[in-house]
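Sequences listed follow chains A and B, in order. The numbers in full-length UniProt numbering rise by one with no breaks, and the one at position 76 of the first sequence is 76. The numbers in full-length UniProt numbering rise by one with no breaks, and the one at position 70 of the second sequence is 70. Here the structure is laid out as structure tokens; the discussion comes afterwards.
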Amino acid sequence: MGGPIASLHPLSRADGSASYKCPATGSNVLGSVNAPIELPGRRDALKPEDATIEVFVKPGTAPGGVGERHIEGILRGALGRIILGREKGYPRRGVVITLAVVGCDNIARGSSYLPILPALLHTSILALLSASVPLSMTFSATVLAVDSSGEIVCEPSSTDAAAAASLHVLAFTSQGHLLLNESEGRFDFDTWERVYERALAICHGTSALGSDGDVAMSENVDAQPLEGFVRDTVEDHIHREYAWKIDAA
Amino acid sequence: MASSATAPTAPPALSLPPSQFARLQPHAYLLAHLSPPASSQQPSIRANGRAPSQFRITSANTGSLTHTNGSAVVRLGDTTAVCGIKAEILHTEDIASWSVSHASSPSAPNKRRKLTNPTEKPGEDRQDGSSQAEDDDDNSYIEDFSLLVPNLSLSTGCAPGFIPGAPPSAHAQSLSHQILSLLHSSRLVRSEDLQIWYQRPNLGPEELERHNEDEQMDVDSAQDGSGGVASEVREIKAFWVLYIDIMIISLAGNPFDVAWTAVLAALRDTKLPRAWWDADNEAVVCSDLVSEARKLSLRGLPVSSSFGVFEADAASGWRAVIVPDAEEERKIAESDRKGIQRRWVLADPDGYEEGLAQERVCLVVDKVQQNGKIVIVKLEKNGGFAVDRKQMKELVETSVRRWQDINQILKEC
């Protein structure tokens, strides 16, 4: 099973866009960002010194429901802390993030959105980077399932997720903070700590934070750390965009 | 002017009353309370007079609404929620996928455990650790057929921002969804409590005997030793659907905790009438005897506690360069213990504090009755960098203390 596949700026009319596909969980998300834009509506009700962040999630085959409203709130909370809404040109304007779930197993009423939450988070951070929205840092996220025997499954498929005793989504900033944690199911604190360790290893590799580049990997993390994945995607994109310049040099 | 002439003794003071200061400079106001100058000898206390890990006074009252199957009013400080639970019957004939997927699974009745004694208190039920497989089977009914339908309404004029009669706001929708997914993931309600069975008469002698005994419809004959014969002819004819309506009638912060506590209290109060399938009328018939109605036997008592993080540095949210990385963060935490505190985790934030706390933590914990083990049912943290592993451990401990309090309150109500 390969790692995630992402591309920057697939949409030409949006300020920034990204598509993200995770083969393990089967989620495929297309996201666009428009920022800064003038928002209609009453402005005096909102914080005047900050940008307004709007997130819209559209499931693939159904109209959005209460589950989408909930996940939009989660995304807004996490992204609101990363986006520097007080930089020049942003206060009183809007950052509109639209995420379309292109491919994933149907999410029924009241069931968990957690399996595709990392894909939504990654798509939005990549789209924000592609729109050059000022950010204080980036982040990476992962989903882990713990089955009834206490075994941790990384990036579970939908059947694994349904059978799991608990599901956890953790997002770590590029500086190593725990930005977001969403856990549900029955578990104890020790399990959560194991999940935390594992998720940190998946997002940042197992080396101590702050060491640059070469990351020593443990045997249970078989892929590149996800933080590096976000970085590489942007790097590749810039490399392609500036190919003419690099060639000329 | 006359007024200046009459009061020459006291010069006009350039000070604001506390309430105005609180409105103009909310951040500085709360910070001044939490970190009083060392000379003043005052303890660090929140603007509302509580210690950082102190919850507001909670009270609960059940059974106030007579037309519901179960109801509760829960008050947490100035936040109040009313929850009413109404049970309606869903015939299996009306479920499109029923005949295909579930109608005749012969193994299902055998797997069922004997039903709880109706006199048992719902809070003291046994734990389900041993019967994992059975529970999975059990729970799929509730999720597949949406047997629990919670709905939360904020459009009651509960706070100035919410206009009565408006469509449900994104916040209300999100809360409804959280309650539904917590009901599903905590598996609080047992699906067997919601099943209405039909016992096809098999003309055996023990069948008649069973009716003489003062037993419930659901009590499987597996108990009295004839399970093999009888279980073949039992089938589910209908389900109870529980409509759980929550109205927040006053909102002063922390709506999720109060809504969830109201749901818990109302579910503990819920009584379903004895119902059975009447083959002659081809309808579900309910007994109107109150003595035959039975309470739901809930699995455990998951209690929710919410926290907000207040940062001393008002700009920490948006100053790009200042945000320290996780390593530095730990060093700062060290220095915290020695001297100046930089952030406070406030339990049960009220409306004023919620506006100042970007980072939220919500924990739902349960304590297993037998071995006293702590089970976390939901752990959410969003919107900030302050709460990491160590702080989380402390919050879990606070939540466990809260579990004890709520358990006590719900027992007494």
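Heads up, the beta-carbon is just placed ideally off N, CA and C, and yes, glycines get one too.
For the region 171-184 of chain A, the set of residues with a beta-carbon nearer than 8 Å to any beta-carbon of chain B comprises T173, Q175, G176, H177, L178, L179, L180, N181, E182, S183, E184, in chain order. A straight line joining the alpha-carbon of I45 (chain B) with that of S304 (chain B) spans about 23 Å. A259 (chain B) carries a helical assignment under DSSP once its states are collapsed to helix, strand and coil. The shortest CA-to-CA distance from V149 (chain B) to any of B:G384, B:K373, B:I89 is the one to B:I89. Shortest Cα-Cα distance from Q54 (chain B) to any of B:R402, B:E380, B:K411 involves B:R402.
Secondary structure of E311 (chain B) (DSSP, three-state): strand. When secondary structure is reduced to three states using DSSP, S183 (chain A) falls in the strand class. With a contact defined as Cβ atoms closer than 8 Å, A259 (chain B) and D350 (chain B) miss out at about 16 Å. Listed along chain A are R81, each with a C-beta nearer than 7 Å to that of Q358 (chain B). Exposed is the label assigned to D288 (chain B), since fewer than 16 other Cβ atoms lie within 10 Å of its Cβ. Between I152 (chain A) and chain B, the shortest Cβ-Cβ separation is not below 8 Å. Rounded to whole angstroms, the gap between the alpha carbons of L264 (chain B) and L301 (chain B) is 8 Å. What F385 (chain B) touches in chain A, judged by beta-carbon distance under 9 Å, is R81, T173, Q175, H177, L178, L179, going in chain order. With fewer than 16 other CB atoms across the displayed protein chains lying within 10 angstroms of its CB, Y242 (chain A) is exposed. Secondary structure of C104 (chain A) (DSSP, three-state): coil. Any Cβ of chain A closer than 8 Å to the Cβ of E394 (chain B) would place that residue at the interface, and such an atom is absent. Less than 8 Å divides the Cβ of V133 (chain A) from the Cβ of A35 (chain A). Scanning chain A for C-beta atoms nearer than 7 Å to the C-beta of N382 (chain B) yields I74, G77, A78, L180, reported in chain order. Beyond the five residues adjoining it in sequence on each side, T159 (chain A) comes within less than 7 Å, by CB distance, of no other residue in the same chain.
By the Cβ rule, the region 157-174 of chain B does not count as touching the region 59-70 of chain B, because fewer than three pairs are nearer than 8 Å.
Using a 10 angstroms sphere on the CB of L14 (chain B), the tally of other CB atoms stays under 16, which defines it as exposed. Around the beta carbon of I5 (chain A), fewer than 16 other beta carbons sit within 10 angstroms, so the residue counts as exposed.
Going by DSSP, E193 (chain A) is part of the alpha helix (DSSP H) stretching over 189-204. Scanning chain B for C-beta atoms nearer than 7 Å to the C-beta of G67 (chain A) yields H177, reported in chain order.
Residues of the region 150-161 of chain B with a C-beta atom less than 7 Å from some C-beta of chain A do not occur. N371 (chain B) counts as exposed, since fewer than 16 other beta carbons sit within 10 angstroms of its beta carbon. Comparing alpha-carbon positions, the option among A:A145, A:L79, A:A171, A:C104 lying closest to L129 (chain A) turns out to be A:L79. At least 8 Å separates the beta-carbon of P48 (chain A) from that of R93 (chain A). Sorting B:K390, B:F385, B:D366 by C-alpha distance to the C-alpha of N407 (chain B) places B:D366 at the top.
Of all C-beta pairs linking the region 384-396 of chain B to the region 281-297 of chain B, fewer than three are shorter than 8 Å, placing the two stretches out of contact. For K378 (chain B), the chain A residues whose Cβ falls inside 9 Å of its Cβ are E182, S183, E184, G185, in order along the chain. In the DSSP secondary-structure assignment, N61 (chain B) is bridged to B:V73. Taking the beta carbon of Y196 (chain A) as reference, the chain B residues within 7 Å of it are R389, listed in sequence order. By alpha-carbon distance to V364 (chain B), the top candidate from A:G228, A:E182, A:H239 is A:E182. With a cutoff of 8 Å on beta-carbon distance, H204 (chain A) and G176 (chain A) are scored as near each other. Scanning B:T92, B:T79, B:L76, B:H67 for the CA closest to the CA of K86 (chain B) turns up B:H67.
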